[in-house]
Amino acid sequence: MIGLDLTINGRSVRARVAPLTRLLDFLREHQGLAGTKEGCGEGECGACTVLVDGLPVVSCLAPMGQLDGATVTTIEGLTAAGPGLDRVQEALLDEGGTQCGICTPGIVMVAHALLAANPRPTLDEIRNALAGNICRCTGYTAIYEAVYRAAGRAR
Ligand code: FES
Ligand code: FES
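One gets the working numbering by counting positions in the sequence shown from 1 and adding 1 to each.
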């Protein structure tokens, strides 16, 4: 077991965990943050994506032993300041970009990282950013349109 200090959704957290504990499991089982989903468990689908120090990371492949001092943001952290959905979530609902919802938290987190780095992305840039996020339900077009809308670029 090792001791770690992290910031999770703006909250200081002191953890004592086995170093190979997956960040995904730490969030869901130790922190009660079940908004982060597990799809493949192998780094292929993007469903488990969270932000670590502002960048998207697949939490199923992130061992806790590498995260001392990290700042982690999950889907719950996007709306921690108040009730309601954030702009990407709202746009996904408006565009029909979510169905079963398993892929949705990961897509929202990647979209946030993209919009933070590039507030006015093109549809191609959105497609590229989300290339690692698999959705088995929507056919993708509504997801890309939703991120475009969230960027204030609705057509
Ligand atoms: Fe982590 Fe699929 S569950 S990438
Ligand atoms: Fe079901 Fe994307 S909404 S996998």
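Even glycine gets a Cβ: it sits at the ideal position worked out from N, Cα and C.
Quick caveat: nothing in here was measured; it's all calculated off a predicted structure.
- In this structure, the C-beta of residue 73 stays at least 7 Å away from each heavy atom of ligand 1.
- When the alpha-carbon of residue 45 is set against those of 150, 139, 134, the nearest one is in 134.
- Contact check for residue 57 against residue 114 passes: the beta carbons are separated by less than 8 Å.
- Excluding its 5 nearest sequence neighbours in each direction, residue 116 has C-beta neighbours in its own chain below 8 Å: 89, 122, 148, 151, 152, listed in chain order.
- Secondary structure within the segment 52 to 106: the alpha helix (DSSP H) runs of 4 or more consecutive residues, fully enclosed, are 88 to 96 (chain order).
- In the structure shown, residue 151 falls within a helical segment according to DSSP collapsed to helix, strand and coil.
- Inclusion of residue 136 in the 7 Å shell around ligand 2 follows from its C-beta lying nearer than that to a non-hydrogen atom of the ligand.
- Around the beta carbon of residue 13, fewer than 16 other beta carbons sit within 10 angstroms, so the residue counts as exposed.
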